[in-house]
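From first to last, the protein sequence lines are chains A and B. Just so we're aligned, residue 6 is where the first sequence starts under the working numbering, counting upward by one. Just so we're aligned, residue 17 is where the second sequence starts under the working numbering, counting upward by one. Ideal placement from N, C-alpha and C gives every residue a C-beta, glycine not left out. Since the model is a prediction, treat every value here as computed from it, not as a measurement. Some notes on the structure that comes next.
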Amino acid sequence: GESVGLHLPTLSVQEGDNSIINCAYSNSASDYFIWYKQESGKGPQFIIDIRSNMDKRQGQRVTVLLNKTVKHLSLQIAATQPGDSAVYFCAENTGGFKTIFGAGTRLFVKA
Amino acid sequence: DGGITQSPKYLFRKEGQNVTLSCEQNLNHDAMYWYRQDPGQGLRLIYYSQIVNDFQKGDIAEGYSVSREKKESFPLTVTSAQKNPTAFYLCASSSLGENTEAFFGQGTRLTVV
Chain A
6 GESVGLHLPT LSVQEGDNSI INCAYSNSAS DYFIWYKQES GKGPQFIIDI
56 RSNMDKRQGQ RVTVLLNKTV KHLSLQIAAT QPGDSAVYFC AENTGGFKTI
106 FGAGTRLFVK A
Chain B
17 DGGITQSPKY LFRKEGQNVT LSCEQNLNHD AMYWYRQDPG QGLRLIYYSQ
67 IVNDFQKGDI AEGYSVSREK KESFPLTVTS AQKNPTAFYL CASSSLGENT
117 EAFFGQGTRL TVV
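Written as structure tokens, this is what we have:
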């Protein structure tokens, strides 16, 4: 069935280090992927997206990598800051507007 | 500023009561959604709507009802039939084009007392 899952439920990194959050998806028909950041008690916020015709996309301090061969998505955060502490969700979209969310990874940034 | 607004932020309900959560958007989005989030969990789709006066059940619609009388508004009613309603409820909206992200409200935390 359709599912999006994350390998690690929690990730703890030192401030200034790079963070890598991984995500596996099972629907090979998915053609659009999004990373969201959710701070405690708030709604998710869009971070970055990538379409299936790309394998890498960069934003400000963030990079998303897509490996369609193994159906794997990752979010890389450079020079992680305390403000990056949050839960990160990957989500997939199969061409319609309905989005499937993964369980999320909680990122802790140690000062 | 354009955005999506949920109210109230916190809501307490007695068992057996229905309660309605508000969601309003001024982004001119056609699609609106309701998600439920339990602690340590992802988002599960309750209902969604593509157009006024039309809506579809999501993955966990039992015990919930919605209406879409206006493009801007998509209220969610948590009925007494919902056996475990305590959760964080998130409303979102998006355009209908392919490959577009959803914009989320700040959520309503519902607690049954």
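- For a Cβ distance threshold of 9 Å, residue set N115 of chain B lies close to A/R56, ordered along the chain.
- The distance from the Cβ of A/V69 to that of A/I55 is about 5 Å, consistent with a contact at the 8 Å cut-off.
- The Cβ atoms of B/D54 and B/A103 sit closer than 8 Å to each other.
- Within chain A, the C-beta atoms nearer than 7 Å to that of B/A118 come from T104, in chain order.
- With a threshold of 8 Å between beta carbons, B/Y105 makes no contact with chain A.
- Chain A has a Cβ within less than 8 Å of the Cβ of B/Y64.
- Around the CB of B/Y64, 16 or more other CB atoms lie within 10 Å, so the residue is classed as buried.
- If you draw a straight line from the Cα of A/G46 to the Cα of B/Q122, it comes to about 8 Å.
- Of the residues assessed, A/F38 falls on the buried side of the cut-off, its CB having 16 or more other CB atoms within 10 angstroms.
- At a C-beta separation below 9 Å, B/Q57 has these neighbours in chain A: A108, G109.
- Taking all protein chains shown into account, A/P87 has fewer than 16 neighbouring C-beta atoms within 10 Å of its C-beta and is therefore exposed.
- At a cut-off of 8 Å, the C-beta of A/K61 has no neighbouring C-beta in chain B.
- Around the beta carbon of B/Y26, a 10 Å sphere encloses fewer than 16 other beta carbons of the protein chains shown; the residue is thus reported as exposed.
- Segment contact: the stretch 64-75 of chain B against the stretch 34-45 of chain B, fewer than three CB-CB distances shorter than 8 Å; contact not assigned.
- DSSP places B/A108 inside the beta strand (DSSP E), whose first and last residues are 103-110.
- Beta-bridge annotation (DSSP): A/F38 is paired with A/I55, A/E97.
- In the structure shown, the three-state DSSP call for B/D70 is strand.
- Per DSSP, the unbroken beta strand (DSSP E) holding A/S79 starts and ends at 77-82.
- When DSSP reads this structure, B/Q22 sits in a beta bridge with B/C39.
- For B/T116, the closest of A/Q43, A/S17, A/N23, A/F51 by C-alpha to C-alpha distance is A/F51.
- Nearest to B/W50 by C-alpha distance, out of A/I105, A/I25, A/E20, A/I26, is A/I105.
- Residue contact with chain A for B/Q122: present (Cβ-Cβ distance below 8 Å to some residue of chain A).
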